[in-house]
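Participant: Below is a structure I'd like to ask you about.
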């Protein structure tokens, strides 16, 4: 399911900052966090109409 309504990003995504800039924080199954250099401080993938692994894994399940 592709999210087209970017208000979900603003309301629910912990990686969202003003201006739809991504913080790039990723989390693995052991709850370890790291910054993904390919996402950090870049435009939000959802805003650009693309899929986002963080959003798919952590945000979508809570907004369904």
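In our numbering, the protein residues as written are 1 to 64.
For each residue, glycine too, the CB sits at the ideal point set by N, CA and C.
The model shown is predicted, which means the values in this text are computed figures rather than measured ones.
(1) Out of 17, 50 and 22, which one is the CA nearest neighbour of residue 37?
(2) With 16 other CB atoms within 10 Å as the buried threshold, where does residue 46 fall?
(3) Per DSSP, what kind of secondary structure is residue 27 in: helix, strand or coil?
(4) For residue 54, does the three-state DSSP call read helix, strand or coil?
(5) From the DSSP output, read off the bridge partner residues of residue 33.
Facilitator: The answer reads as follows:
(1) Numbered from its first residue, the chain shown carries residue 37 at position 37. When only C-alpha atoms are compared, the closest one is 22.
(2) For this step, residue 46 is matched to residue 46 along the chain shown. Buried is the call here.
(3) Sequence index remark: in the chain shown, residue 27 carries index 27 (1-based). Residue state, collapsed to three classes: strand.
(4) Residue mapping note: residue 54 aligns to position 54 of the chain shown, counting from 1. Note: residue 54 maps to helix in three-state DSSP.
(5) Taking the chain shown and counting its residues from 1, the one referred to as residue 33 is at position 33. Beta-bridge pairing links residue 33 to 27.
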